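Chemist: All you need for the numbering used here is the position in the sequence shown, starting with 1, plus 94.
Don't be surprised by glycine CBs; every beta carbon is placed ideally from N, CA and C.
Remember, it's a predicted structure, so these values are computed and weren't measured experimentally.
Here it is: the structure, laid out below.
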Amino acid sequence: MSEIWDVIVVGAGTAGLPTAIHAGQRGAKVLVVEVSDRVGGTLHLSSGSFSAAGTSLQRSKNIDDSPEKHFNDGLRINHGTGNKTMMRLWQDHAAAAYEWLMSIGMQYPDNQPEAVRGHEPYDTPRIYTPVNAGVGYIAPLKNAFEAEVAKGNVKLLLKTEMTDLIIDPAKGVQGVKVKSADGKIEDIHGRNVVLAAGGYANNEAMWREIHNRPRRVYTNAQSMGTGIQVARKYGAQLEGAEEIIMTFGGTQCLDDPSKVWIHAKTQPSMRDPWEIYVNLKGERFMAEDERNPDVRERALMLQDDWACWCIYDQSIVDKSPSPFFLWEPEKVARAFATNPNYRKANTLDELATLTGLPAKALKETVKRYNDGQAVGADAFDRKFMPAPITTGPFYAVKLYSITVVSFAGVTVDTNLRILDAAKKPIPNLYAVGEMLGMGIFGNAYLGGSSVSGAITLGRLLGNKLLSWSQTGALAAE
Ligand SMILES: Cc1cc2nc3c(=O)[nH]c(=O)nc-3n(C[C@H](O)[C@H](O)[C@H](O)COP(=O)(O)OP(=O)(O)OC[C@H]3O[C@@H](n4cnc5c(N)ncnc54)[C@H](O)[C@@H]3O)c2cc1C
Numbered sequence: 095m096s097e098i099w100d101v102i103v104v105g106a107g108t109a110g111l112p113t114a115i116h117a118g119q120r121g122a123k124v125l126v127v128e129v130s131d132r133v134g135g136t137l138h139l140s141s142g143s144f145s146a147a148g149t150s151l152q153r154s155k156n157i158d159d160s161p162e163k164h165f166n167d168g169l170r171i172n173h174g175t176g177n178k179t180m181m182r183l184w185q186d187h188a189a190a191a192y193e194w195l196m197s198i199g200m201q202y203p204d205n206q207p208e209a210v211r212g213h214e215p216y217d218t219p220r221i222y223t224p225v226n227a228g229v230g231y232i233a234p235l236k237n238a239f240e241a242e243v244a245k246g247n248v249k250l251l252l253k254t255e256m257t258d259l260i261i262d263p264a265k266g267v268q269g270v271k272v273k274s275a276d277g278k279i280e281d282i283h284g285r286n287v288v289l290a291a292g293g294y295a296n297n298e299a300m301w302r303e304i305h306n307r308p309r310r311v312y313t314n315a316q317s318m319g320t321g322i323q324v325a326r327k328y329g330a331q332l333e334g335a336e337e338i339i340m341t342f343g344g345t346q347c348l349d350d351p352s353k354v355w356i357h358a359k360t361q362p363s364m365r366d367p368w369e370i371y372v373n374l375k376g377e378r379f380m381a382e383d384e385r386n387p388d389v390r391e392r393a394l395m396l397q398d399d400w401a402c403w404c405i406y407d408q409s410i411v412d413k414s415p416s417p418f419f420l421w422e423p424e425k426v427a428r429a430f431a432t433n434p435n436y437r438k439a440n441t442l443d444e445l446a447t448l449t450g451l452p453a454k455a456l457k458e459t460v461k462r463y464n465d466g467q468a469v470g471a472d473a474f475d476r477k478f479m480p481a482p483i484t485t486g487p488f489y490a491v492k493l494y495s496i497t498v499v500s501f502a503g504v505t506v507d508t509n510l511r512i513l514d515a516a517k518k519p520i521p522n523l524y525a526v527g528e529m530l531g532m533g534i535f536g537n538a539y540l541g542g543s544s545v546s547g548a549i550t551l552g553r554l555l556g557n558k559l560l561s562w563s564q565t566g567a568l569a570a571e
């Protein structure tokens, strides 16, 4: 009979690696199956911000913080939404995960932690971001993982896709079905299966089914939601779909038009805006200098197609600092020459034709803004208005509501066991990481919650929650 693993982890990413490392350290025989040809998952792309309260670094800097404060501040930011039990489970164990990361060689720059990273600021500095972003986690995690592989506790199968679960109606989940790169299908048996296969943000059909809203994402190619789909097949329930909040102001990538990313400084904390934003009706809808990211995010999500055009003129190009912080001037010029999301025209009428905006409304909007700018009084109470928009050529850049994560995920209990419609655990089946959906942390971005949630709960699962007794009895927390 082929080997029966104590634990099968699906996905060698942000959550899967700590799960496997800790289960291996406890003596479990662990098999990790990973569809891609490398470990690390979304960490290869992620900005890598990690939040935790009550850490040794905070204490050394006299920052008074605790999981309780993190929780209460989180509820302020997310307006009391989300799954409070899961939020607390993560926050209560995040500092221990931070200390563990430091013990395996993680490094953050001296100026950490911070209170803010792009989203609504925390009231206390509790966000840690490596110099080289998410990639900074990969070497420490990989080294700790390889140490367990070397001990013989853990085995990794790369280029191996989990396609289904093996289910025994009497005993529950008994393993996984996998497909290797050469197309070979195989059953692998295990006492516990941990789905750490990431989110579904890269799956257009799944996004449409769950949200039926525009999908503008920058995410891992493997974030196809297979883990969630397979779990749903056996009764897993989805939660968090309504807790959707998209980041303000992504623009289309030039090399891959299916992707959007923050190429321009659209947050006033990075650059005060000289431009105006008009929706697809050609009308302004917010004070462009609004500093609260949460207010900005919601304002754009109220507009048709979750999109708007950022309008400016040549004098703004000449006088203001360039908003395109990631692009050299040549790339900006290429965008306007080749991509219909970036438009330049000698007149506002011509710009309206190129963007599809109604010309009359666009011209009236620009005139109203200029009139207000001249006397320092704006219809939206905007304060930063350094220049009118009068001098051609005129420019328009399409801004979108974007996301790097998926929001819905499978419902779990505090042991991270996946629950069915009757709220009963599906025996031997666990989920962790973005599989839980970022909506569990509510209808707002809690800075650093996805990476920290994935690593913290992955560690907790491997370290404590998993049980691999032959009888299948599950450990209580
Ligand atoms: C550009 C970007 C910036 C971000 N910045 C931040 C940030 O600063 N802070 C923050 O908190 N979060 C951030 N996030 C989100 C965060 O990085 C992710 O939510 C988190 O890394 C997801 O961890 P995970 O373990 O759930 O998934 P992953 O790390 O993606 O791991 C899942 C793994 O499962 C594998 N897999 C998928 N399907 C299968 C299958 N069927 N069989 C076998 N293997 C499979 C994948 O290949 C992958 O290796 C960012 C994300 C992106 C894309």
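If you measure from the CB of Thr108, is any heavy atom of ligand 1 nearer than 7 Å?
Modeler: Under cutoff, so the answer is yes.
Chemist: For Ala439, does the three-state DSSP call read helix, strand or coil?
Modeler: Strand at Ala439.
Chemist: Report the residue from Phe342, Ser409, Gly552 and Gln119 whose alpha carbon sits nearest the alpha carbon of Val389.
Modeler: Comparing Cα-Cα distances from Val389 to each of Phe342, Ser409, Gly552 and Gln119, the minimum goes to Phe342.
Chemist: Are the CB atoms of Pro574 and Ile157 nearer to each other than 8 Å?
Modeler: The chain is shown only over 95 to 571; residue 574 falls outside these bounds and no answer can be derived.
Chemist: Tell me whether Ser563 counts as near ligand 1, meaning its Cβ is closer than 7 Å to at least one heavy atom of that ligand.
Modeler: Outside the cutoff, so no.
Chemist: Report the rounded CA-to-CA distance for Pro423 versus Gly228, giving the unit in angstroms.
Modeler: Those two C-alpha atoms are separated by around 27 Å.
Chemist: Pairing CB atoms from the region 298-312 with CB atoms from the region 271-285, are three or more of them under 8 Å?
Modeler: No, the region 298-312 does not touch the region 271-285.
Chemist: From Val127, Ser140, Gly135 and Gly110, pick the residue whose C-alpha is nearest to that of Gly541; which is it?
Modeler: The shortest Cα separation from Gly541 among Val127, Ser140, Gly135 and Gly110 belongs to Ser140.
Chemist: Beta-carbon of Gly541 versus every beta-carbon of chain C: anything under 8 Å?
Modeler: Of the protein chains in this structure there is only one, and it is not chain C.
Chemist: If we ignore side chains and look at the alpha-carbon of each, how far apart do Thr136 and Gln316 end up?
Modeler: Roughly 9 Å between the two C-alpha positions.
Chemist: Hey, would you say Ile520 sits closer than 8 Å to Tyr328, going by beta carbons?
Modeler: A contact, by the Cβ cut-off of 8 Å.
Chemist: From Ala190 to Thr550, what distance separates their C-alpha atoms?
Modeler: C-alpha separation (whole angstroms): 8 Å.
Chemist: What do you reckon, are the CB atoms on Leu448 and Val460 nearer than 8 Å?
Modeler: Against a cut-off of 8 Å, the Cβ pair of Val460 and Leu448 comes out as no contact.
Chemist: As an exercise, report each continuous alpha helix (DSSP H) stretch of at least 4 residues that is fully enclosed by the region 453-507, in chain order.
Modeler: Runs of the alpha helix (DSSP H) inside the region 453-507: 453-469.
Chemist: What residues in its chain sit with their C-beta under 7 Å from that of Tyr294, if we drop five residues either side in the sequence?
Modeler: The answer, listed in chain order, is Met300, Trp301, Ser317, Met318, Gly319, Ile322 and Ser500.
Chemist: Whose C-beta lies closer than 8 Å to the C-beta of Ser160 among residues of the same chain, with five residues either side of it excluded?
Modeler: Same-chain partners within the cutoff: Ala147 and Gly148.
Chemist: Excluding the five sequence neighbours on either side, which residues of its own chain have a C-beta within less than 6 Å of the C-beta of Val498, listed in chain order?
Modeler: Result list for Val498: Tyr312 and Thr313, in chain order.
Chemist: Please classify Arg385 as buried or exposed, where buried requires at least 16 neighbouring CB atoms within 10 angstroms.
Modeler: With fewer than 16 other Cβ atoms within 10 Å, it is exposed.
Chemist: To the nearest angstrom, how far is the alpha carbon of Asp262 from that of Asn522?
Modeler: Each residue's alpha carbon lies about 11 Å from the other.
Chemist: Does ligand 1 have a heavy atom nearer than 7 Å to the CB of Ser130?
Modeler: Yes, the beta carbon of Ser130 sits closer than 7 Å to at least one heavy atom of ligand 1.
Chemist: For Asp349 and Met529, what's the separation of their Cα atoms in angstroms?
Modeler: For Asp349 and Met529, the distance between alpha carbons rounds to 29 Å.
Chemist: Determine, using beta carbons only, whether Gly547 and Thr175 come nearer to each other than 8 Å.
Modeler: Result no, Cβ atoms of Gly547 and Thr175 do not sit closer than 8 Å.
Chemist: For Leu420, does the count of other Cβ atoms within 10 angstroms reach 16, so buried, or fall short, so exposed?
Modeler: By the 10 Å Cβ count, Leu420 comes out exposed.
Chemist: For Gly334, which residues from the same chain have a beta carbon less than 6 Å from its beta carbon, with the 5 sequence-adjacent residues on both sides left out?
Modeler: So the list reads Phe501, Ala502, Gly503, Gly531, Gly533 and Ile534, once near-sequence residues are dropped.
Chemist: Distance check for Lys155 and Val225, CA to CA, integer angstroms please.
Modeler: Spanning the two alpha carbons is a distance of roughly 19 Å.
Chemist: Excluding five sequence neighbours on each side, which residues of the same chain lie with their C-beta closer than 6 Å to the C-beta of Met95?
Modeler: Note on Met95: pLDDT 49, under 50, position unreliable in the model; no value is reported.
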